[in-house]
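Asks: Under this note's numbering, residue 351 is the last one in the sequence shown; the count climbs by one each step, no gaps.
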Amino acid sequence: MTALLIIIVVALLGITFWQLSKIFKLSKPIDSNDTQIADNKDNQNQGKIFLAFIVFLYGLMIYSFWNLSKFYLPEASSEHGSEYDQLFFISLAIIMFVQVITQFLLHWFSYKYRGKEGRKALFYADNDKLEFIWTIIPVIVLSGLIIYGLFGWSEIMNVEETDDTLVIEIYAYQFDWRARYSGEDGTLGEANVRLIEGVNQLGLNENDPYSQDDIIVNELHLPKDRPVLFKFRSQDVLHSAYFPFFRSQMNVVPGMVTQFGFTPTTTSKEIRNSEYMIDKVKRINEIRKNDDNVSGDDKTYEFEYYLLCNKICGTSHYNMQMKIVVETEEEYQKWISEQQTFKELTAQN
Ligand SMILES: [Cu+2]
Numbered sequence: 003m004t005a006l007l008i009i010i011v012v013a014l015l016g017i018t019f020w021q022l023s024k025i026f027k028l029s030k031p032i033d034s035n036d037t038q039i040a041d042n043k044d045n046q047n048q049g050k051i052f053l054a055f056i057v058f059l060y061g062l063m064i065y066s067f068w069n070l071s072k073f074y075l076p077e078a079s080s081e082h083g084s085e086y087d088q089l090f091f092i093s094l095a096i097i098m099f100v101q102v103i104t105q106f107l108l109h110w111f112s113y114k115y116r117g118k119e120g121r122k123a124l125f126y127a128d129n130d131k132l133e134f135i136w137t138i139i140p141v142i143v144l145s146g147l148i149i150y151g152l153f154g155w156s157e158i159m160n161v162e163e164t165d166d167t168l169v170i171e172i173y174a175y176q177f178d179w180r181a182r183y184s185g186e187d188g189t190l191g192e193a194n195v196r197l198i199e200g201v202n203q204l205g206l207n208e209n210d211p212y213s214q215d216d217i218i219v220n221e222l223h224l225p226k227d228r229p230v231l232f233k234f235r236s237q238d239v240l241h242s243a244y245f246p247f248f249r250s251q252m253n254v255v256p257g258m259v260t261q262f263g264f265t266p267t268t269t270s271k272e273i274r275n276s277e278y279m280i281d282k283v284k285r286i287n288e289i290r291k292n293d294d295n296v297s298g299d300d301k302t303y304e305f306e307y308y309l310l311c312n313k314i315c316g317t318s319h320y321n322m323q324m325k326i327v328v329e330t331e332e333e334y335q336k337w338i339s340e341q342q343t344f345k346e347l348t349a350q351n
């Protein structure tokens with residue numbers, strides 16, 4: 003709110019000065035030099051401003067990289083994550099390289115060849131060789147990037163289902179998530195939103211033998227180093243399952259099942275004890291300690307992985323999240339054995 007007020011005040015001040023300068027100009031006697039055509043002095047000034055602007059732009063860029071680097075995510079917590087990060091880094095490096103050079107050339111030439119009395123522009127219609135060069139280089143670089151990206155994509159997206167693969171349904175609705183484990187038979191039971199009734203929140207087919215041992219929970223537990231295949235279903239609108247620390251995201255579309263998978267490589271405990279996280283959490287806690295609006299248990303923050311919604315799906319979209327616990331196989335087995343199956347749930351109610 004304060005920031006908005008400051009912006010309004012600055013804008014109003016700017017308008018005031020602009021109007022004042024117009025009044026002063028009107029009150030001055032007519033200047034014979036005051037023509038609409040740029041003279042030598044104008045060109046000189048505009049050229050220098052052009053050059054100063056590129057220096058400002060590069061300064062801003064360097065400052066942003068340096069200052070915003072604190073928002074970088076740590077090393078990926080999934081197997082394919084490093085590949086994803088590498089693709090991102092290579093794309094960024096190429097874009098930066100090209101933009102630094104072309105921006106400089108654009109501004110430098112504008113300065114160097116600024117208007118000067120007596121200087122005439124050269125009429126240069128075209129040059130096939132030059133055009134060929136500046137077409138073919140981007141074609142080669144972009145094709146390389148796209149092909150490299152496609153290979154990465156297909157490798158990440160084609161999750162082969164093995165005996166070891168854990169199949170989990172992620173179910174989205176306004177405004178929460180549920181996870182469904184396939185249970186002992188390793189197969190998810192049939193489900194349809196039309197079957198939603200009472201405790202049967204996810205619309206499981208009660209007559210399907212596969213659905214009997216399914217386990218529905220509101221906290222996602224994943225064993226470390228085991229491939230997980232997620233199947234996404236939405237009850238209402240478009241959502242997006244976003245796992246930033248695992249470098250994964252998938253649209254959750256009503257009326258269809260989307261899927262992807264990853265293999266978690268870092269447990270919640272391990273990431274909490276990483277240098278990156280210790281430092282981050284320390285800083286967050288320092289801010290919270292001095293914030294009077296934060297009280298009680300919230301004063302001490304502890305990192306957890308979360309599944310977030312990344313599609314604006316309604317009023318409480320911002321709060322649509324599910325905790326993810328990555329743990330060892332033993333811890334996972336212990337946890338899952340304590341959960342209620344769908345059969346137990348329906349028998350109880
Ligand atoms: Cu959502």
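Where is the CB? At the ideal position from N, CA and C, for every residue including glycine. As the structure is a prediction and not an experimental result, all values here were calculated from the model.
Would you please state the rounded distance, in angstroms, between the beta carbons of residue 80 and residue 270? I believe it to be under 8 angstroms.
Replies: About 13 angstroms separates the two Cβ atoms, so there is no contact after all.
Asks: So is the beta-carbon of residue 245 under 7 angstroms away from any non-hydrogen atom of ligand 1?
Replies: No - ligand 1 has no heavy atom lying nearer than 7 angstroms to the Cβ of residue 245.
Asks: Give me the Cα-Cα distance between residue 254 and residue 193, rounded to the nearest whole angstrom.
Replies: Their backbone Cα atoms lie some 15 angstroms apart in a straight line.
Asks: Residues in the same chain with beta-carbon distance under 7 angstroms from residue 56, minus the five sequence neighbours each way, listed in chain order, please.
Replies: Answer for residue 56: 105, 106, 109, listed in chain order.
Asks: Find out if the Cβ-Cβ distance for the pair residue 228, residue 166 is shorter than 8 angstroms.
Replies: Taking 8 angstroms as the Cβ cut-off, residue 228 and residue 166 qualify as a contacting pair.
Asks: Determine whether the beta carbon atoms of residue 242 and residue 311 lie at a separation below 8 angstroms.
Replies: Cβ atoms of residue 242 and residue 311: closer than 8 angstroms.
Asks: Which residue or residues does DSSP assign as beta-bridge partners of residue 236?
Replies: BP columns for residue 236 point to 174, 256.
Asks: Can you tell me which residues form a DSSP beta bridge with residue 202?
Replies: Bridge partners of residue 202: 199.
Asks: On the DSSP letters alone, give me the boundaries of the beta strand (DSSP E) that residue 243 sits inside.
Replies: Per DSSP, residue 243 belongs to the beta strand (DSSP E) from 241-245.
Asks: What do you reckon, is the C-beta of residue 313 under 7 angstroms from a heavy atom of ligand 1?
Replies: Flag set: Cβ of residue 313 near ligand 1.
Asks: Quick check: is any heavy atom of ligand 1 less than 7 angstroms from the C-beta of residue 241?
Replies: Yes; taking the cut-off as 7 angstroms, the Cβ of residue 241 has a heavy atom of ligand 1 nearer than that.
Asks: Taking residue 341 as the reference, which of 333, 218, 233 has the closest Cα?
Replies: Closest by alpha carbon: 218.
Asks: Assess contact between the stretch 284-298 and the stretch 259-268, defined as three or more Cβ pairs (one per stretch) separated by less than 8 angstroms. Is contact present?
Replies: Flag = no, the stretch 284-298 and the stretch 259-268 do not touch.
Asks: What are the uninterrupted segments assigned as beta strand (DSSP E) that are 3 or more residues long and contained completely in the stretch 91-134, given in chain order?
Replies: Runs found: none.
Asks: Taking 7 angstroms as the cut-off, is the CB of residue 108 close to at least one heavy atom of ligand 2?
Replies: As for ligand 2, it is missing from this structure, which binds only ligand 1.
Asks: When DSSP labels each residue in this structure, what does residue 74 get in the three-state scheme?
Replies: It is coil, neither helix nor strand.
Asks: Does the distance from the C-beta atom of residue 315 to that of residue 203 stay below 8 angstroms?
Replies: Cβ distance not < 8 angstroms, so residue 315 and residue 203 don't count as in contact.
Asks: Less than 7 angstroms separating the Cβ of residue 174 from some heavy atom of ligand 1?
Replies: Yes.
Asks: Cα separation between residue 143 and residue 244?
Replies: Distance between the alpha carbons of residue 143 and residue 244: 30 angstroms.
Asks: Is the Cβ-Cβ distance between residue 307 and residue 262 less than 8 angstroms?
Replies: No, these two residues do not count as a Cβ contact at 8 angstroms.
Asks: Name the two residues that bound the continuous alpha helix (DSSP H) containing residue 11.
Replies: Note, residue 11: alpha helix (DSSP H), 4-29.
Asks: Here's a check: name, in chain order, each residue in its chain whose Cβ is nearer than 6 angstroms to the Cβ of residue 318, leaving out the five neighbours to either side.
Replies: Correct list, in chain order: 177.
Asks: Answer yes or no: do residue 324 and residue 222 have a C-beta to C-beta separation smaller than 8 angstroms?
Replies: Cβ atoms of residue 324 and residue 222: closer than 8 angstroms.
Asks: Restricting to Cα atoms, I'd like to know which of 283, 155, 302, 291 is closest to residue 85.
Replies: It is 155 whose Cα lies nearest to the Cα of residue 85.
Asks: The beta strand (DSSP E) that contains residue 327, what's its start and end?
Replies: Note, residue 327: beta strand (DSSP E), 323-329.
Asks: Does the beta-carbon distance from residue 343 to residue 216 come in below 8 angstroms?
Replies: Yes; because the gap between Cβ atoms is below 8 angstroms, this pair is in contact.
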